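Trainee: I have a structure here, written as structure tokens, and I will follow up with some questions on it.
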Amino acid sequence: MPDREPNIITSPLSCSITRDDITVEVHIYRLEHEPQWALEVVNTHGTSSVWDDLFDTDEDAYTAFEEAVEEEGMETFLDDEIDNPTLH
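The sequence shown: position 47 = 52 (the working numbering), numbered continuously.
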């Protein structure tokens, strides 16, 4: 019998955010049996920015998003000419 795929747990902190006329979807999630959280930000064109590091709590992941916006601005999540995902 094949192993079943683990369930993905989505944080209630996941949301859509608009600032400076730029809208992104903030996805914070973890695998069912894993304690650490992943952070992914997707812009309106579907371009994904994924942090390399995992976070101990979903609050830590959301704080990392907020820090990125404060340091780099929402423009950091806009499409570049390169079609590769952004890693933080």
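Think of the CB as a built atom: it goes at the ideal place given N, C-alpha and C, for glycine as much as any other residue.
All values reported here derive from a predicted model rather than from experimental measurement.
For residue 65 versus residue 42, is the C-beta spacing smaller than 9 Å?
Mentor: Yes. Within cutoff.
Trainee: Once the 5 residues before and after residue 48 are set aside, which same chain residues still bring their CB inside 7 Å of it?
Mentor: Counting only Cβ-Cβ distances below 7 Å, and skipping sequence neighbours, we find 29, 82, 83, 84.
Trainee: Does residue 80 come out as helix, strand or coil in the three-state DSSP assignment?
Mentor: Helix at residue 80.
Trainee: Near residue 34, what residues of its chain come up, given a Cβ to Cβ distance below 8 Å and the 5 sequence neighbours on each side ignored?
Mentor: Closer than 8 Å at Cβ, skipping near neighbours: 13, 14, 15, 16, 19, 42, 43, 45.
Trainee: Which residue wins for smallest C-alpha separation from residue 106, given the options 32, 69, 40, 36?
Mentor: Shown here, the chain extends from 6 to 93; a query on residue 106 therefore has no answer.
Trainee: Excluding five sequence neighbours on each side, which residues of the same chain lie with their C-beta closer than 7 Å to the C-beta of residue 125?
Mentor: A query on residue 125 cannot be resolved here, the shown segment of the chain reaching from 6 to 93 and no further.
Trainee: Going by DSSP in three states, residue 28 sits in which element: helix, strand or coil?
Mentor: In the structure shown, residue 28 sits in a strand (DSSP, three-state: E or B).
Trainee: Exposed or buried, residue 2, counting other C-beta atoms within 10 Å across all chains shown (16 or more means buried)?
Mentor: The question about residue 2 has no answer here: the residues shown for the chain are numbered 6 through 93.
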